[in-house]
Amino acid sequence: MGGSQSTQVPGGGTEGYHVLRVQENSPGQKSGLEAFFDFILCIGNTRLNQDNELLKDLLKANIDKPVKMLVYSSKTGQLRELELVPSHQWGGQGLLGVSIRFCSFDGANENVWHVLEVQPNSPAFHAGLKSDVDYIIGSDTILQESEDLFSLIESHEARPLKLYVYNCELDSCREITITPNSAWGGAGSLGCGIGYGYLHRIPVKAPSSELQGLKIDGEKSSTAHPPQVANVSTSNATTTSSPSTGFSDVSCVCIR
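Under UniProt numbering, the first residue of the sequence shown is numbered 1, with each subsequent residue one higher.
Structure follows, in structure tokens:
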């Protein structure tokens, strides 16, 4: 994949397999797959644009052999090519050691919640959240709309809630446990502001020369729509829908 050429995903479209979990020391981790951000689009020259057995069949046909995988990152907005070796012998579950769901990556970079103004001694403070540099990117419940996080927080009042957080300074993800508590002594149940929308997305780093020129056939320009900004606090968020029941709703699978 040369940096001077424009590379299009065979078949176009924005469908792929969203990587939700990557197990430690798995083939997926060793290849560099990133949970939440990465979408598997192709194995070799085969476009994975339908939710069927094709991905599983291709991996089974290449057990213990290196295969090329084309991946889109919603964090960088770039394509990259990885090489991995599907295996049953790495010590964990599945051929890749990843959990996935089939969906579109269109708008995936919008589903992040920016942590702002963490108050001292608040639930957010005790959970280790950092103002301005932390972004909530997921939970054990699928978050697809701006209000989903706030509904989830309200449903976990005084109960531990696991969240996945990306730190843009460290360029790393971590898992935290936070206990929403509207009686902690300050505003809101978390004690921090939450920004959502165009101005609160994860900052995109300049692409390396190797990735410049790559594009996805049919990908929308970031200027196609006017920016929409939502900067809200958990203290005044309203519940508009019940939270999803989790991975079982979205056909999350571990490739075996």
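The beta-carbon is built from N, C-alpha and C at its ideal position, and this holds for glycine as well.
This structure is a prediction, so every number in the text was calculated from the model and none was measured.
Residue from the options with nearest C-alpha to residue i
{"i": "Asn111", "options": "His88, Tyr135, Val118, Leu129", "result": "Tyr135"}
{"i": "Ile153", "options": "Gly97, Ser189, Ile43", "result": "Ser189"}
{"i": "Leu20", "options": "Leu54, Ile100, Cys168", "result": "Ile100"}
{"i": "Ser139", "options": "Ser31, Pro203, Phe36, Ala61", "result": "Phe36"}
{"i": "Gly191", "options": "Met69, Phe102, Gln119", "result": "Gln119"}
{"i": "Leu41", "options": "Lys30, Leu58, Ser26", "result": "Leu58"}
{"i": "Trp90", "options": "Gln78, Ser26, Cys168, Leu199", "result": "Ser26"}
{"i": "Gly44", "options": "Lys68, Lys56, Asn109", "result": "Lys68"}
{"i": "Ser146", "options": "Glu34, Asn109, Gln78, Phe102", "result": "Asn109"}
{"i": "residue 319", "options": "Gly186, Thr76, Gln144, Leu82", "result": "The chain is shown from 1 up to 256; residue 319 falls before or after that span and cannot be answered."}
{"i": "residue 259", "options": "Ser104, Tyr166, Leu143", "result": "Residue numbering for the chain in the displayed model covers 1 to 256; residue 259 lies beyond these limits and cannot be assessed."}
{"i": "Phe125", "options": "Asp171, Ser74, Gly186", "result": "Gly186"}
{"i": "Leu82", "options": "Gly32, Tyr198, Ile178", "result": "Gly32"}
Neighbourhood of residue i by C-beta distance below 7 Å, restricted to the same chain and skipping five residues each side
{"i": "Lys65", "result": "Val85"}
{"i": "Glu24", "result": "none"}
{"i": "Val232", "result": "Confidence at Val232 is low in this model, with a pLDDT of 35, below 50, so the placement of that residue is unreliable and no value is reported for it."}
{"i": "Val133", "result": "Asn167, Cys168, Glu169"}
{"i": "Tyr164", "result": "Phe36, Ile137, Gly138, Ser139, Cys173, Glu175"}
Cutoff 6 Å; reference residue i; Cβ partners in own chain excluding five residues on either side
{"i": "Arg80", "result": "Val71"}
{"i": "Trp113", "result": "Ile136, Leu149, Ile194, Tyr196"}
{"i": "Leu55", "result": "Leu48"}
CB-CB length for residue i against residue j, believed under 8 Å
{"i": "Gly97", "j": "Gly28", "result": "5 Å"}
{"i": "Ser131", "j": "Trp184", "result": "In fact, because the Cβ distance is near 17 Å, the residues do not count as touching under 8 Å."}
{"i": "Ala127", "j": "Ile63", "result": "The Cβ separation is near 41 Å, so there is no contact."}
{"i": "Cys103", "j": "His18", "result": "5 Å"}
Contact set for residue i: own chain, Cβ-Cβ below 8 Å, skip 5 residues either direction
{"i": "Lys60", "result": "Pro86, Leu95"}
{"i": "Asn181", "result": "Pro123, Glu157, Ala158, Ser189"}
{"i": "Glu34", "result": "Val19, Val22, Ser73, Lys75, Cys173"}
Residue i Cβ short of 6 Å to the ligand MG heavy atom set
{"i": "Gly186", "result": "Within the structure as shown, the ligand MG is missing, as the structure has no ligands at all."}
Beta bridge counterpart(s) of residue i as assigned by DSSP
{"i": "Lys68", "result": "Glu83"}
{"i": "Ile178", "result": "Leu161"}
{"i": "Thr46", "result": "Ile43"}
{"i": "Cys173", "result": "Tyr166"}
{"i": "residue 263", "result": "Beyond the ends of the chain as shown, which are 1 and 256, falls residue 263; an answer cannot be given."}
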